[in-house]
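Taking it in order: structure first as structure tokens, then the write-up.
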Amino acid sequence: MPLPSASPLAALYRSHHGWLFGWLRKRLGCPENAADAAQDTFAKLIGRNELESLQEPRTYLLVAANRLLINQYHRRRVEEETAMPPYACWKRACRFASNATVTICCG
129 MPLPSASPLA ALYRSHHGWL FGWLRKRLGC PENAADAAQD TFAKLIGRNE
179 LESLQEPRTY LLVAANRLLI NQYHRRRVEE ETAMPPYACW KRACRFASNA
229 TVTICCG
């Protein structure tokens with residue numbers, strides 16, 4: 129009985145994971161972040177129908193990885209812009225406490 133053929137994603141992973149990891153490592157300068165980004169890139173491709181008919185798999189992977197990095201960059205920027213410095217949070221809590229009947233104990 130013949131063995132079932134590997135999924136297109138598994139074949140793509142075996143053929144190009146090392147190359148994508150190397151490209152991301154050069155781009156990000158950190159092997160841990162590159163490994164995470166490579167894994168996230170392949171995870172995004174689960175269930176994609178077009179994997180079987182890719183003409184340029186490395187180009188496809190670069191586009192997917194770049195989009196992932198751009199999304200992460202935008203998410204980080206939004207988080208940084210909306211985050212309040214700890215001191216501002218404390219001032220707001222003190223202002224709220226002084227206007228309410230709540231007492232804050234500092235130890």
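What the sequence shown shows, in our numbering, is residues 129 to 235, in sequence order. Ideal placement from N, C-alpha and C gives every residue a C-beta, glycine not left out.
Item                                                                                                                                             : Value
Given this structure, state the Cα-to-Cα distance separating lysine 154 from threonine 210, to the nearest angstrom.                             : 30 Å
For aspartate 164 and leucine 137, what's the separation of their Cα atoms in angstroms?                                                         : 17 Å
Here's the rule I'm using: 16 or more other beta-carbon atoms within 10 Å means buried, otherwise exposed. How should threonine 187 be labelled? : exposed
Among the candidates Ser143, Arg176, Gly146, Leu152, whose CA atom is the shortest distance from the CA of isoleucine 198?                       : Leu152
Looking at C-alpha atoms only, which residue of Ser135, His145, Glu180 is the closest neighbour of alanine 241?                                  : Lying outside 129 to 235, the shown extent of the chain, residue 241 is not represented and no answer is given.
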